[in-house]
Amino acid sequence: MTEQMAGEESQTFDDIFQAIKADPQNAEYTAAGIDPLYAVAEDARVMVIGQAPSHIAQETRIPRNDKSGDRLREWMGVDRVTFYDPHQVAIVPMDFYFPGKGKGGDLPPRKGFAEKWHPVLLGMMPQVRLTMLVG
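Sequential numbering of the sequence shown, starting at 5, is according to the working numbering.
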């Protein structure tokens, strides 16, 4: 499904969003009314790739809307308005859903998720000049 979508030039970001929701791997989230959480735009020049959204971020529907996001924005030297403008900063986590709690904190992102969806999204953002990998 993803290879076909990546090859179709007529795909929009909304098409991809809907395809992610419809992916059987995400059926439990979609059934619970939880949408994928990321922020992208065709003209974004900076992209932040991190882990999966936190529980707080998923509840508020704002990516990286937690203490780690506060620290990241401080480290980057950008305000909330700039950081949350997808035309300036794309926020693409390794998994677009909160994975749940584990013994030592949040569970890791699901395996294979980024490999499935990142190439599609990245192919639609040709202006990205800086990619930050944030753990």
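C-beta: ideal position from N, C-alpha, C; glycine also.
These numbers were taken from a predicted model, which means no experiment stands behind them.
Subject >> Residue environment, V93, which counts as buried when at least 16 other CB atoms sit within 10 Å >> reply: Start at 1 with the first residue of the sequence shown, and residue 93 comes out as number 89. Counting Cβ neighbours within 10 Å, V93 comes out buried, since at least 16 surround it.
**OP:** Taking the CB atoms as reference points, tell me whether P97 and P57 lie closer together than 8 Å.
**Re:** Your numbering for residue 97 matches position 93 in the sequence shown. Your numbering for residue 57 matches position 53 in the sequence shown. In contact: P97 and P57 (Cβ atoms closer than 8 Å).
Original post:
What does a CB cutoff of less than 7 Å around L125 pick up in its chain, not counting 5 residues either side in sequence?
Top reply: Position 121 of the sequence shown, counted from the first residue, corresponds to residue 125. Hits under 7 Å: I20, V44 and V96.
Original post:
Out of curiosity, what's the CA-to-CA distance linking I66 and Y42?
Top reply: Taking the sequence shown and counting its residues from 1, the one referred to as residue 66 is at position 62. Taking the sequence shown and counting its residues from 1, the one referred to as residue 42 is at position 38. Distance between the alpha carbons of I66 and Y42 is about 8 Å.
Original post:
Where do the N-terminal and C-terminal ends of the alpha helix (DSSP H) with I53 fall, by residue?
Top reply: The residue given as residue 53 occupies position 49 in the sequence shown. Per DSSP, I53 belongs to no alpha helix (DSSP H); it is in the beta strand (DSSP E), V50 to I53.
**OP:** Report the residue ranges of all alpha helix (DSSP H) runs contained in full by the region 50-136; include only those spanning at least 4 residues, in chain order.
**Re:** Entirely contained in the region 50-136, the alpha helix (DSSP H) runs reaching 4 residues are, in chain order, 59-64, 71-80, 84-87 and 117-127.
**OP:** Can you have a look at D99 and say buried or exposed, based on whether 16 or more other CB atoms are within 10 angstroms of its CB?
**Re:** Counting from 1 along the sequence shown, the entry for residue 99 is found at position 95. Classification for D99: buried.
Original post:
Straight-line CA distance for A35 to Y101?
Top reply: Against the sequence shown, residue 35 aligns to sequence position 31. Against the sequence shown, residue 101 aligns to sequence position 97. Using only the alpha carbons, I get a separation of about 13 Å.
**OP:** Going by DSSP, name the residue or residues bridged to A31.
**Re:** The residue you call residue 31 lines up with position 27 of the sequence shown. The partner list for A31 (beta bridge, DSSP) is empty, contrary to what the question assumes.
Original post:
Nearest-angstrom Cα distance between Y33 and S14?
Top reply: Against the sequence shown, residue 33 aligns to sequence position 29. Against the sequence shown, residue 14 aligns to sequence position 10. In a straight line, the C-alpha of Y33 is about 27 Å away from that of S14.
Original post:
Are three or more beta carbon pairs between the region 64-84 and the region 106-120 nearer than 8 Å?
Top reply: no
**OP:** Please confirm whether M129 and E46 have their CB atoms less than 8 Å apart.
**Re:** The count along the sequence shown starts at 1 and reaches residue 129 at position 125. The count along the sequence shown starts at 1 and reaches residue 46 at position 42. Result yes, Cβ atoms of M129 and E46 sit closer than 8 Å.
**OP:** Find out if the Cβ-Cβ distance for the pair H1, A61 is shorter than 8 Å.
**Re:** Residue 1 is absent from the model: the chain starts at 5 and stops at 139.
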